[in-house]
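>
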């Protein structure tokens, strides 16, 4: 047909900046319009390529895979700010070769050419030109831009180059949209150029949405993506509504004067023949020793592992099971897959990386023998068919968990071992959920925050709920929509945007490994900013990657494994016990006791309020109890939890759907818990093989009516053949049917149950080490840190504040002289501070001793470690309390930072001063930084700082002390208010924070805020009548006592305030608290390798070394250097640090004046025989080399003229005189004086009254 048209330039929602079209909607619209093909050309990526291909193929039209690429103005690796706007170009894959070249081009543009945009260049366009059709692009294309600039020479050169490279596959692209500058002129010029060169033209419509009426939704989505709103006239938006999939009639009406350009759309579509293969199994071949067959090597490894696992005494059952599994693996040809997994875990085990395997893979004896899994599947009664069977020929899926702080090591090993072009992580896409759609849409529409907040809170907490279901479930939302036009418009638009792709990222676990370079199968891109060191990321998400047949593995970083790993390390450091998680006894009474008490904060999988309630009721006594609860606590099975608990404790009769199923259901008290039980019932009752039963399980999960009908008939037939009735068959089938889709497989539940048990074991038996490990894992998340510290408080575990002299990066254990352990807060866990800043500081401290004062820190710490933001944060949380008051220190931040920068610059420049000759024991002087030790900050300020930066208050204020003394009827712990108290009255005492002003339906002001208690926050609502009584009461940081009614809504608990007042501290309590706050004796860190008595390093060839120091009369012997100075106890305004007892000169600084340094000094007569003490003054010249030589000469003379007279050296530097009492004696007299005058000049030597 000559009037057909094909859209060749189309953007989907994967054009993340401005695309709105859903792939299926695009295809369906093309079918509806009678168009024979549809192209996808997203901005710079191929994210939607497989989805478009599959959707179009299923709909019976031709898919055309393409991209709107960016072409650099020059070389792709050039980063020229003057050329930051690349040209646009439309590329279409004509065939399989073109598709693979397109993937290579797109990959190179992201990996090699990314500069604001992923850019290709002419070099790689020519290299990968085969099989590609190129359209010259939109008005931002290379040709169009030269036309706009009037540079026709460049335009002609462009046509010549592309015509030569792509020959008859190069087309001049034209489109027409209103408000596009110079669009008509560009089109006119293209027509002329086509006539001159003979190059063919083609018309497109640059669609960004499917239908004209979608333009508003596309505009809103663009506002969301660009963080703007519809009222902003400067926002990025399309000024007309023509960017949709037009009908052929509309396109012919627009371009009736260019029939050939219209016909070329069909010609191009007909020339595109891309046939993609799905369902392949592309497992990389493992390189075996001596090129042994993979299966032979796998069997060899398994039998070696079998002997180790079963102490050379495997049972017949185990031997038969291993042979059976190996037979299945051989028949399915997955030997290389298992060898790759073994190789990865061989590395993991050698490196001591704590790991686990989730999912059905834990049911494999082969993997147990290969030491990939650590749970014996025979003993745990797990069967292999749930993981792999002949009937279901799918690639097995091994989900691997690693300690999250070491996951990157595993990925790096794979990259190093299998090749950087063979390993990648997998992209994932964030979409707009119900609540996010409401909030983002409201922002884009410039609607009030309180409206979106109100509507979002009306959405039920059901996982992945859709807005239409939220409206159906929430009468409150329906009422609001019916009475409020803004709400109605908001929800209507939010429903259009709901589910749209919002962002791309890297999947938390998925990794792909290929035999050939990955770009043979998938396009790649760079990881997100901040993760540049990671491997590339596929542009296809999980399902398309699986569809093309690549080996996908899950490498999940699990925080709980890091916690366990850190915990056992801390146990080894503090107790000397060396144990691993697999050494833990599985029947520990303490562990099961805390589980039965619901004491599960920090326990894997069991932390949520609902789970804590159920585990407390269950009172588990075995790992299997935990596995069952983990499996049941999910939508669907959750309704059976009560039956399970009552049956375990004998409060309910255990019943079975048929007596023949007793053996299968008895371990779970008659309750269907696992998917495995569905399969076993199908085998026992319906005559299925376990492989067939696994297919049945999957069919039940997909709930396809036709498939389910066939399976029901098959099950009934098998049951009847085994002697059961039709009624019995129907009853059992209906029991299985709903469960199969939402149940856990047993292997997965058991794997997670072990991790849950281990965490409970260590929390119960080593609480201090465990909580310290939990805190370490939570570092960087103040909210989680706060929860863990409150748990430590509940367990009577002390947590000491950050300290520049005692903290490390992470949380550590300190033991006092009485043997009591406490946790020292890690400085890297302070907000705005990280390990990169703290690690060098800790290294300095451990190498050369603790910091004596602020000037010592200035001298030793690098400005790269201690910048302004880091310093201010550490001061605010008390890390420098021993050096002065927080407020005073904050006032001195500018001077401290400036001094650190000067010292760092001096060190980095390689310059030296005269003081360098005296070694580290005589530091160079600097501008004095005087810090007052008293603190003018208030308790309230310190509380706010600590809660913001630490997540919790550590320096207890008088208020928190008084909170702990409240009677039982006053709520001071958030945990004491629960949903089941709804409607009850409660009184509480806490601190106001997070205040938000809202309005009622009548326009009256009210407040929503948080009341901070000892263990967290509770929500409060202050209605207008309460707010009017005392508006200033509700300011952030105020301490208030309140009473009101507990309310529960969608699982959230709040207190509706009925009475309120300011809380007045008790004067005597405050005085006692302030006295206590001044005492903070830090305990020494019990940590391997920590040197508490580091002395200054010796100076090579220093004549001062090894000479005994004599103290001046004003000095006193310092106390034990292991004892830290008490904080804030100095009686004088200026903070002074006790002098360490080491051999060094006595240093005294005085301002430089026109008078002599010592008023009693008299000039020495060169001829005098002996003049008593000798004082030598020398001035720094700024010439480092010259100063160094002069100081060396002075020292040589002092050593040469050894005697019984005191020697004093004064160095004039930086506006002051530094006086050094030398730690040795000299023989004063004419000869020494003469030699010094020769060296330094007349007047440089004096006698001194000391």
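Residue numbers (our numbering): 3 to 1252. Virtual Cβ for every residue (Gly too), placed ideally from N, Cα, C. Please read these numbers as outputs of a predicted model, since none were measured by experiment.
(1) On a CA-only basis, which of 1017, 1021, 995, 702 is nearest residue 962? Give me that one, please.
(2) DSSP three-state label for residue 15, please.
(3) Does the stretch 989-1004 touch the stretch 1032-1046, meaning 3 or more C-beta pairs lie closer than 8 angstroms?
(4) Can you list, in chain order, the residues of its chain with a C-beta nearer than 6 angstroms to that of residue 1203? Leave out the 5 residues immediately preceding and following it.
(5) If contact is defined by three or more beta carbon pairs under 8 angstroms, each pair taking one atom from either stretch, is the stretch 146-158 in contact with the stretch 101-120?
(6) For the stretch 621-636 against the stretch 739-757, do three or more pairs of beta-carbon atoms, one drawn from each stretch, fall closer than 8 angstroms, so that the two count as touching?
(7) Just verifying my parser: in three-state terms, what is the DSSP assignment at residue 1014?
(8) Could you name the residues that DSSP lists as bridge partners for residue 203?
(9) For residue 524, which beta-bridge partners are listed by DSSP?
(10) Looking at the structure shown, is residue 407 part of a helix, part of a strand, or coil, going by DSSP?
(11) Going by DSSP in three states, residue 717 sits in which element: helix, strand or coil?
(12) Quick one: what's got a C-beta closer than 7 angstroms to residue 297's C-beta in the same chain, skipping five residues either side?
(13) For a quick check, are the C-beta atoms of residue 1062 and residue 1048 less than 8 angstroms apart?
(14) Using the C-alpha atoms, what's the distance from residue 803 back to residue 791?
(15) Any idea if residue 1223 is buried or exposed, counting beta-carbon neighbours within 10 angstroms, 16 or more meaning buried?
(16) Let me check understanding here. Comparing Cα to Cα, which of 377, 18, 1023, 586 lies closest to residue 433?
(17) Using CA atoms only, rank isn't needed, just tell me which of 685, 644, 1193, 717 is closest to residue 671.
(18) For residue 614 and residue 608, I'd like the C-alpha separation in whole angstroms.
(19) Taking only three categories from DSSP, how would you classify residue 358?
(20) Would you mind listing the alpha helix (DSSP H) stretches within the stretch 1025-1053 that are 4+ residues and don't spill past its ends, in chain order?
(21) Can you grab the Cα-Cα spacing for the pair residue 572 / residue 584, in whole Å?
(22) Any chance you could list the alpha helix (DSSP H) runs of at least 4 consecutive residues sitting entirely within the stretch 428-472, in chain order?
(23) Can you tell me which of the three DSSP states residue 1240 falls into?
(24) Closest by CA to residue 1195, which one among 1237, 1210, 1181?
(25) So what's residue 499 in DSSP terms, helix, strand or just coil?
(26) Name the two residues that bound the continuous alpha helix (DSSP H) containing residue 102.
(27) What is the rounded straight-line gap between the Cα of residue 76 and the Cα of residue 115?
(28) Would a C-beta distance cut-off of 8 angstroms place residue 877 and residue 870 closer than the cut-off?
(29) Using the three-state DSSP reduction, which class does residue 245 fall into: helix, strand or coil?
(30) Return the bridge partner residues of residue 59 from the DSSP annotation.
(31) On the criterion of 16 or more Cβ atoms from any shown chain inside 10 Å, does residue 11 qualify as buried, or is it exposed?
(32) With which residues is residue 90 paired in a DSSP beta bridge?
(33) By the DSSP assignment, the beta strand (DSSP E) with residue 555 in it spans what residues?
(34) Taking 8 angstroms as the cut-off, decide whether the C-beta atoms of residue 758 and residue 829 are in contact.
(35) Can you tell me whether residue 562 is buried or exposed, with buried defined as 16 or more other CB within 10 angstroms of its CB?
(36) Go ahead and label residue 206 buried or exposed: buried means 16 or more other beta carbons lie within 10 angstroms of its beta carbon, across all protein chains shown.
So, from the listed chains and residues:
(1) Position 960 of the chain shown holds residue 962. That would be 1017, whose Cα lies nearest to the Cα of residue 962.
(2) For the purposes of this step, residue 15 is identified with residue 13 of the chain shown, where counting begins at 1. Coil, per DSSP.
(3) yes
(4) For the purposes of this step, residue 1203 is identified with residue 1201 of the chain shown, where counting begins at 1. So the list reads 1228, 1229, 1234, once near-sequence residues are dropped.
(5) no
(6) yes
(7) Here the question's residue 1014 lines up with position 1012 in the chain shown. Residue 1014 falls in the strand class under three-state DSSP.
(8) Walking along the chain shown from the start, residue 203 turns up at place 201. According to DSSP, residue 203 bridges with 174.
(9) Residue numbering aside, residue 524 sits at position 522 when the chain shown is read from its first letter. BP columns for residue 524 are empty, so no partner.
(10) Residue numbering aside, residue 407 sits at position 405 when the chain shown is read from its first letter. Correct three-state label for residue 407: coil.
(11) Position 715 of the chain shown, counting from 1, holds the residue named residue 717. Three-state result, residue 717: helix.
(12) Reading the chain shown from its first residue, position 295 is the one you call residue 297. Excluding residues within five positions, the ones whose Cβ falls inside 7 angstroms are 332, 337.
(13) Within the chain shown, the letter at position 1060 stands for residue 1062. Within the chain shown, the letter at position 1046 stands for residue 1048. Not closer than 8 angstroms, so no.
(14) Within the chain shown, the letter at position 789 stands for residue 791. Within the chain shown, the letter at position 801 stands for residue 803. Each residue's alpha carbon lies about 11 angstroms from the other.
(15) To locate residue 1223, count along the chain shown from 1; it is residue 1221. Buried: at least 16 other Cβ atoms inside 10 Å.
(16) For this step, residue 433 is matched to residue 431 along the chain shown. Out of 377, 18, 1023, 586, 18 has the C-alpha closest to the C-alpha of residue 433.
(17) Position 669 of the chain shown, counting from 1, holds the residue named residue 671. Residue 671 has its Cα closest to that of 644, out of 685, 644, 1193, 717.
(18) Along the chain shown, one-based indexing puts residue 614 at 612. Along the chain shown, one-based indexing puts residue 608 at 606. Between residue 614 and residue 608, the C-alpha separation is close to 6 angstroms.
(19) Along the chain shown, one-based indexing puts residue 358 at 356. Note: residue 358 maps to strand in three-state DSSP.
(20) 1026-1031
(21) The count along the chain shown starts at 1 and reaches residue 572 at position 570. The count along the chain shown starts at 1 and reaches residue 584 at position 582. Their Cα atoms are separated by approximately 17 angstroms.
(22) 436-446, 451-459
(23) As a position in the chain shown, residue 1240 is number 1238, starting the count at 1. Correct three-state label for residue 1240: helix.
(24) Position 1193 of the chain shown, counted from the first residue, corresponds to residue 1195. For the residues 1237, 1210, 1181, the minimum Cα distance to residue 1195 belongs to 1237.
(25) Taking the chain shown and counting its residues from 1, one reaches residue 499 at position 497. Residue state, collapsed to three classes: helix.
(26) For the purposes of this step, residue 102 is taken as residue 100 along the chain shown, with counting starting at 1. Segment 98-113, the alpha helix (DSSP H) holding residue 102.
(27) Here residue 76 refers to the residue found at position 74 when the chain shown is read from its first residue. Here residue 115 refers to the residue found at position 113 when the chain shown is read from its first residue. Going by the C-alpha atoms only, they are around 11 angstroms apart.
(28) Position 875 of the chain shown holds residue 877. Position 868 of the chain shown holds residue 870. No, these two residues do not count as a Cβ contact at 8 angstroms.
(29) Stepping through the chain shown from its first residue, residue 245 is reached at position 243. Reduced to three states, the DSSP call for residue 245 is coil.
(30) Sequence index remark: in the chain shown, residue 59 carries index 57 (1-based). Paired residues: none, contrary to the question.
(31) Start at 1 with the first residue of the chain shown, and residue 11 comes out as number 9. By the 10 Å Cβ count, residue 11 comes out buried.
(32) Within the chain shown, the letter at position 88 stands for residue 90. Note: residue 90 sits in a beta bridge opposite 72, 143.
(33) Walking along the chain shown from the start, residue 555 turns up at place 553. Counting along the chain, the beta strand (DSSP E) containing residue 555 begins and ends at 553-560.
(34) One-based indexing of the chain shown puts residue 758 at position 756. One-based indexing of the chain shown puts residue 829 at position 827. Cβ distance not < 8 angstroms, so residue 758 and residue 829 don't count as in contact.
(35) As a working note, residue 562 is residue 560 in the chain shown. Buried: at least 16 other Cβ atoms inside 10 Å.
(36) Here the question's residue 206 lines up with position 204 in the chain shown. When all chains shown are included, residue 206 counts as buried.
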